[in-house]
Structures are given as C-alpha cells and as structure tokens.
Amino acid sequence: MNAIRLIALAVAALTLSACAKDIPYATLKTKYATPASRFVTLQDGVTVHYRDQGKADGTPIVLVHGFAANLDTWEPWVARLGKDHRVVTLDLAAHGLTTVPAGYEVSTPGQVAIVDGVAQTLKLDHFALAGNSMGGGVAWNYTLAHPEKVDALILVDSAGAPVDPAAMKDRKGQPLIFKIMRTAPGRAILKRLNPRPLTGKGLKQAYIDESLVTPALVDRYVDLALAPGRRELLLNGQAAPRKPATAETFKAIKAPTLVMHGDADTVIPLAAGQALAAAIPGAKLIVYPGVGHVPMEQIPDKSAADVEAFLATLPAK
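As numbered in mature numbering (1 follows the signal peptide of the UniProt record, and there is no 0), residues -20 to -1, 1 to 297 make up the sequence shown, in order.
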C-alpha cells in the first residue's frame, strides 16, 4: 500500500471516528438474534451464539462461517439442506453474537475448540462439517484434530491451502480491506475506522453479484463489526503468526472431502481450491464459473444440491 493512500485512510479514520462507536451486545441481540438463537458458555468463558435448525432427526451438518461474517451467511443452505438434515450454525470468537472474556486471544485452535464445544453441547458424535473462507481453515483443522467425529468435510472457497503465500497477495480485484490488514499501520487504522466506507465495496467484490449486497447485508456486517472490542479482536487475530500449511499437512485427512470454489473469487483464488483438492486424498472438486467467494449465498440452489449429492454418496452411519 502506498504512503499517500495510508495517509488518506488515517485522515478518514480520524474524521469518521465519531461515527465508529461500539454497539452494545444487547442492542445487537435485539436486532440479529432469532427465535432459533441459542447461547452456551464454554469452559474458557466464551459464550457462543449458535442455531440448531432443520430436521431434528436428520443427519447433522455443522457450518462454519468466514472472516468478518456470521452464521447468517449459511441461512440459504439452512433453508435447503434443513429439509433432510439437522443443520447447526455458529458464530466464531470475535464474530456475530459470540462474546469472549477479557484478555481472550483469537486463534485457530481456539476456533476449533468453539466448534467442538458446540458439538459436545448438542451431543454430536458424528457429523458432516463445512466451512467457508476462514471457516474452511477452521473446518479442516478441526478434522485433523478430531478425525473420529467428522464423517465428511466440505470446503467452500476455503482458506489455508498449500499455495505460495506470495500468490495470495495484491491480486487484481482483491478487496482493499484485505490489503490494508496485511500491514501493522493498516491494522492500527482499521481499529479506529468506521467500517462502513470499506464494507460495501468489499462485499460487492466478494459477492460478484452486486444485487446480493443489500443495505441490510451491509448493515449486518457493519453493526457486528462494531460490537464492543470487536475490531481489536479481529485485527489482532489477523496479526497473529501462522505456520503455513503444506501439501503434507492434508494427507492426514481421511474424511470424504468436497472442495467447492468460485472461479471469480477475488478473496481466495481458484488456485487455492485446486491445491486443496489435490492435497486431500480422494477429494472431489467443483468449480463454479462466474461465482465469487460465497457460493452458498450467490448460488444457493446449485451449491446446496451439490452438497446433497455429495452426502448421498457416503455410507450410512
């Protein structure tokens, strides 16, 4: 990022800081909790927002959202898969309506623990597990940590692929906010910046189909980003060091795996999905022409049908 743009963002942060006040959780719950919303406090003090929907006695599937999103991103799949499956969605730490204790540090192992905490709460010993973007990284890490519980793994435009990190940077069309987050000065600015100016444009680049980026969608992303302490937690988590995954990492995944990826994804390129499918033994790859980062929202009928077809091929438990 050049110095002029960084200075401009700094000025914007100062100008808009008065409009970037935290929104109390009570207010956010009133607006974004639904009759299906449930909350459970885990041993580490994290209080997780989750929903347990669909066919109560159906085969369970757990869905994990991506960075800065929340469980609402899966509602199109809940409506479709819920006819035959028990569908569990949840908000990860520093996302949605999930709250964390003082001093909490966001990490992949911590997010994996949240998924397992919800699974234990619901007494889910076996389930299919799907994740989008960052949630895909959580999903495959969960599968490595708890292979006995995951009957099937579904990775939707997933993070963490064994690709050259340099290939993931400064790609044409990548949302500006992700470029800003890669620098310490950029993260410092984002902690004070009203997220609204960058959110709408970033969502349009991620969704591709701009008609999906409604005012209500933008409001949800902005409101939840303004939860107390949320920007600090999100951005500190992005700064945490990560050990890059290699192709060898994924050889240990034994669960039947479906990799789904939009070929127009500007956040995580198709090459990442192809690398995951090549690295995970026996994985199936589905590529969606003209689709962006969130196939479950952009093409819910097609993507949910592909999940159904994949799950139908698995042995009954």
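Glycine included, every Cβ here is placed at the ideal spot set by N, Cα and C.
As the structure is a prediction and not an experimental result, all values here were calculated from the model.
Expected contact under 8 Å - CB spacing of residue i and residue j to nearest Å
i: residue 62; j: residue 103; result: Wrong, their Cβ atoms sit about 19 Å apart, outside the cutoff.
i: residue 327; j: residue 66; result: Residue 327 cannot be examined here, being either before or after the span of the chain that is shown, -20 to 297.
i: residue 95; j: residue 44; result: 6 Å
i: residue 197; j: residue 183; result: 7 Å
Limits of the beta strand (DSSP E) - the one that residue i falls within
i: residue 108; result: 107 to 112
i: residue 242; result: 237 to 242
i: residue 132; result: 130 to 136
Straight-line gap, residue i to residue j (C-alpha atoms, nearest Å)
i: residue 232; j: residue 25; result: 31 Å
i: residue 46; j: residue 119; result: 11 Å
i: residue 89; j: residue 123; result: 12 Å
i: residue 266; j: residue 282; result: 11 Å
i: residue 106; j: residue 19; result: 21 Å
i: residue 206; j: residue 58; result: 26 Å
i: residue 236; j: residue 224; result: 23 Å
i: residue 246; j: residue 272; result: 7 Å
i: residue 81; j: residue 91; result: 14 Å
i: residue 53; j: residue 277; result: 7 Å
i: residue 73; j: residue 214; result: 9 Å
i: residue 138; j: residue 285; result: 19 Å
i: residue 13; j: residue 7; result: 10 Å
i: residue 257; j: residue 263; result: 5 Å
Given residue i as reference, the closest of the options once Cα atoms are compared
i: residue 101; options: 127, 134, 109, 32; result: 32
i: residue 260; options: 271, 241, 234; result: 234
i: residue 130; options: 206, 180, 238; result: 238
i: residue 64; options: 82, 38, 50, 94; result: 38
i: residue 140; options: 295, 251, 97; result: 251
Residue range of the unbroken alpha helix (DSSP H) whose run includes residue i
i: residue 256; result: 250 to 259
i: residue 287; result: 280 to 292
i: residue 272; result: Unbroken run through residue 272: none, as it is neither H nor E.
i: residue 233; result: Segment: none, residue 233 is in no alpha helix (DSSP H) and carries neither H nor E.
i: residue 54; result: Element bounds for residue 54: n/a, residue is neither H nor E.
i: residue 177; result: 176 to 187
query: For the stretch 15 to 42, which segments carrying the alpha helix (DSSP H) assignment without a break, of at least 4 residues, lie completely within its bounds, in sequence order?
result: As far as the stretch 15 to 42 is concerned, it has no whole alpha helix (DSSP H) run of at least 4 residues.
- prompt: Quick one: complete alpha helix (DSSP H) runs, 4+ long, within the stretch 65 to 127?
  reply: 88 to 101, 114 to 125
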